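First comes the structure, then the notes that go with it.
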Amino acid sequence: MTTLSRSQAFVVADPPLAMIRLDDTGRTPKDTRVVVAMSGGVDSSVVAALYAQAGYEVLGVTLQLYDHGEAMHHRPGACCAGQDIYDARLVCEKLGIPHYVLDYESRFRDAVIERFADAYASGETPIPCVDCNRTVKFRDLMETAKDLGADILATGHYVTSRGLPDGTRALYRPLDESRDQSYFLYATTQTQIDMLRFPLGETTKPEVRALAEGFGLKVADKPDSQDICFVPNGHYTDIVEKLRPEAGEPGDIVHLDGRVLGRHAGVMRYTIGQRKGLGIAAAEPLYVVGIDARQRRVLVGPRAALGVTEVRIDEVNWLGDESLDAALDAGREIYVKVRSTRAPVPGQLGRAGDDVHRGAPVVRLAAAEEGVAPGQACVFYADASSGARLLGGGVIRRAPSAFTALTRGQEMVANVRTA
Numbered sequence: 001m002t003t004l005s006r007s008q009a010f011v012v013a014d015p016p017l018a019m020i021r022l023d024d025t026g027r028t029p030k031d032t033r034v035v036v037a038m039s040g041g042v043d044s045s046v047v048a049a050l051y052a053q054a055g056y057e058v059l060g061v062t063l064q065l066y067d068h069g070e071a072m073h074h075r076p077g078a079c080c081a082g083q084d085i086y087d088a089r090l091v092c093e094k095l096g097i098p099h100y101v102l103d104y105e106s107r108f109r110d111a112v113i114e115r116f117a118d119a120y121a122s123g124e125t126p127i128p129c130v131d132c133n134r135t136v137k138f139r140d141l142m143e144t145a146k147d148l149g150a151d152i153l154a155t156g157h158y159v160t161s162r163g164l165p166d167g168t169r170a171l172y173r174p175l176d177e178s179r180d181q182s183y184f185l186y187a188t189t190q191t192q193i194d195m196l197r198f199p200l201g202e203t204t205k206p207e208v209r210a211l212a213e214g215f216g217l218k219v220a221d222k223p224d225s226q227d228i229c230f231v232p233n234g235h236y237t238d239i240v241e242k243l244r245p246e247a248g249e250p251g252d253i254v255h256l257d258g259r260v261l262g263r264h265a266g267v268m269r270y271t272i273g274q275r276k277g278l279g280i281a282a283a284e285p286l287y288v289v290g291i292d293a294r295q296r297r298v299l300v301g302p303r304a305a306l307g308v309t310e311v312r313i314d315e316v317n318w319l320g321d322e323s324l325d326a327a328l329d330a331g332r333e334i335y336v337k338v339r340s341t342r343a344p345v346p347g348q349l350g351r352a353g354d355d356v357h358r359g360a361p362v363v364r365l366a367a368a369e370e371g372v373a374p375g376q377a378c379v380f381y382a383d384a385s386s387g388a389r390l391l392g393g394g395v396i397r398r399a400p401s402a403f404t405a406l407t408r409g410q411e412m413v414a415n416v417r418t419a
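The UniProt record's numbering numbers the first residue of the sequence shown as 1 and each following residue consecutively.
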């Protein structure tokens, strides 16, 4: 098998390699050990090749997150399957760098899969990629990287990392907005950010594939992963019902006005803002506006009921220059994303004033947002620009609709959206 020499010259005109930041701390490559988290895809493979070509001491690490035998039969497009481990090993052989496979199955099950099932069983809509990044990929893998003597842990995420005047680092939205993964990295701690590097933040996907071609990597044309990695058939309800049977128990579909419109086959099948697949007949379009898992009730209403202007959050990770308490008390103005695919919108940090949650962090939105679902993330940015600084975020717990203020009765019904 052909091995890429670290002294071998490699020049690509678009993008210039000089534009890719591998490390800006002043350390020399030969004295810097880099662990690259390799999924077997083109992005992390190019990151490993860039560091190896530049003369860094590189170690490739791939995480085995679920049963290898089952993974080999995952359908194409599923991340981190057995084929991906094999592809990562081939890339490392091509580059002439060591490759390690770490068995993180039990950690992944506890930190990601169990939490995923719990969320759906409680009527929330989880983001397993956030939990995986927050725990297994960064917390656990970073400890392993340190044990291996690494100075840097690098990944193929599309986000930009830059040094700050005080010697710490900050994350920013990437050049390629269509690949922006900053939303899924909001829970990364400051200590983790200081060790992490994301060389692809100032590139585009076509440029990365061109780099892979130039390096002679067989994964250059490998399709991007599309599915939740631990869902073999693309149907998340199968794994939720297996782990939390109560999430599949039937219940009522109830209109905001109190009418029972039909039955459902489990709260796990619904999310806030959902319109399709409700299985009910109505004179007007209806949307899921609330989920009461305890009563096994799905609440529906008109689109007007989806708009919210205040979002209660917890598990907040704050990455701003001031303390979180200072930002909350000062009503820090920020921009937020309440879904990964949406553009940042203006908002303001503050504290809840109700008796039950008094003092808890809230985000007050300048304009109503629809489909704000408990379990999703509310992610903070300094501004709305394409290269905006990531300021952290939190898990959405409650988003009371302005529509519920129409009548006292409707307000009481809609409050089932409290987690």
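We put the beta carbon where it would ideally sit given N, CA and C, even for glycine.
In this text, all values refer to a predicted model and were calculated from it rather than measured experimentally.
{"Check": "Less than 8 angstroms separating the beta-carbons of G266 and A283?", "Outcome": "no"}
{"Check": "When the distance is taken between beta carbons, is V288 closer than 8 angstroms to Y270?", "Outcome": "yes"}
{"Check": "Would you call P223 buried or exposed, if buried means 16 or more other Cβ atoms sit within 10 Å of its Cβ?", "Outcome": "exposed"}
{"Check": "Opposite T62 in the DSSP bridges: which residues?", "Outcome": "V101"}
{"Check": "Distance check for T160 and I20, CA to CA, integer angstroms please.", "Outcome": "10 angstroms"}
{"Check": "At what residues does the beta strand (DSSP E) containing C229 begin and finish?", "Outcome": "Careful: C229 lies outside any beta strand (DSSP E) and carries neither H nor E."}
{"Check": "Does the count of Cβ pairs from the region 149-160 and the region 101-110 closer than 8 angstroms reach three?", "Outcome": "no"}
{"Check": "Is the separation between the beta-carbon of A48 and that of L90 shorter than 8 angstroms?", "Outcome": "no"}
{"Check": "Suppose the cutoff is 6 angstroms on Cβ atoms and the five residues either side in sequence are ignored; what does the same chain contact list for A327 look like?", "Outcome": "G320, L349"}
{"Check": "When you compare only the Cα positions, how much space is there between R173 and A382?", "Outcome": "10 angstroms"}
{"Check": "To the nearest angstrom, report how far apart L148 and V298 are at their CA atoms.", "Outcome": "49 angstroms"}
{"Check": "Is the separation between the beta-carbon of R115 and that of P126 shorter than 8 angstroms?", "Outcome": "yes"}
{"Check": "Hey, A293 and S122 are a contact pair by Cβ (cut 8 angstroms); roughly how many whole angstroms apart?", "Outcome": "5 angstroms"}
{"Check": "Answer with buried or exposed for L153, where buried requires no fewer than 16 other C-beta atoms within 10 angstroms of its C-beta.", "Outcome": "buried"}
{"Check": "Of the residues E370, V36, D118, R358, which one's Cα is nearest the Cα of R236?", "Outcome": "First, the amino acid is wrong: residue 236 is Tyr here, not Arg. Ranking E370, V36, D118, R358 by Cα distance to Y236 puts D118 first."}
{"Check": "Considering Cα atoms alone, identify which of M142, T341, G216, A210 is closest to M195.", "Outcome": "M142"}
{"Check": "Counting only runs of 3+ residues fully inside the region 315-387, write out the beta strand (DSSP E) ranges in chain order.", "Outcome": "333-337, 345-351, 361-369, 377-381"}
{"Check": "Using the Cα positions of R303 and I228, report the straight-line distance between them to the nearest angstrom.", "Outcome": "29 angstroms"}
{"Check": "Take R358 and list the residues in its own chain whose beta-carbon comes closer than 7 angstroms to its own, dropping the five residues that flank it on each side.", "Outcome": "A352"}
{"Check": "Could you pull the DSSP bridge partners for S235 from this structure?", "Outcome": "Residue 235 is actually His in this sequence, not Ser. For H235, which the question treats as bridged, DSSP gives no partner whatsoever."}
{"Check": "With S45 as the anchor, note down where its alpha helix (DSSP H) starts and where it stops.", "Outcome": "42-53"}
{"Check": "Decide if E57 is buried, meaning its Cβ has at least 16 other Cβ atoms within 10 Å, or exposed.", "Outcome": "buried"}
{"Check": "Thinking just about the alpha-carbon of each residue, which of L243, I97, T25 is nearest to the one in I113?", "Outcome": "L243"}
{"Check": "Can you find the residues in the same chain that come closer than 8 angstroms, C-beta to C-beta, to Y217, ignoring five residues on each side of it along the sequence?", "Outcome": "Checking the displayed sequence, the identity of residue 217 turns out to be Leu instead of Tyr. The residues are V42, S45, V46, A49, V91, K94."}
{"Check": "Which whole-angstrom value is the C-beta distance of G371 and G273, which I expect to be below 8 angstroms?", "Outcome": "3 angstroms"}
{"Check": "Going by DSSP, name the residue or residues bridged to V208.", "Outcome": "Answer by DSSP bridge pairing: none, since V208 is not bridged."}
{"Check": "Going straight from the alpha carbon of L249 to that of R339, what length do you get?", "Outcome": "The amino acid occupying residue 249 in the given sequence is Glu; Leu does not appear at that position. Their backbone Cα atoms lie some 28 angstroms apart in a straight line."}
{"Check": "Tell me whether the beta-carbon of D176 lies closer than 8 angstroms to the beta-carbon of T204.", "Outcome": "yes"}
{"Check": "Less than 8 angstroms between the beta carbons of P361 and I313, yes or no?", "Outcome": "yes"}
{"Check": "Considering just the uninterrupted stretch of the alpha helix (DSSP H) at A121, what are its terminal residues?", "Outcome": "114-121"}
{"Check": "Taking the CB atoms as reference points, tell me whether V34 and V61 lie closer together than 8 angstroms.", "Outcome": "no"}
{"Check": "What ranges does the beta strand (DSSP E) occupy inside the region 238-310, keeping only unbroken runs of at least 3 residues that lie completely in it?", "Outcome": "251-255, 260-264, 287-292, 297-301"}
{"Check": "Return the CA-CA distance between L211 and A54, expressed in angstroms with no decimal places.", "Outcome": "14 angstroms"}
{"Check": "Buried or exposed: T32, going by 16 or more other Cβ atoms within 10 Å of its Cβ?", "Outcome": "buried"}
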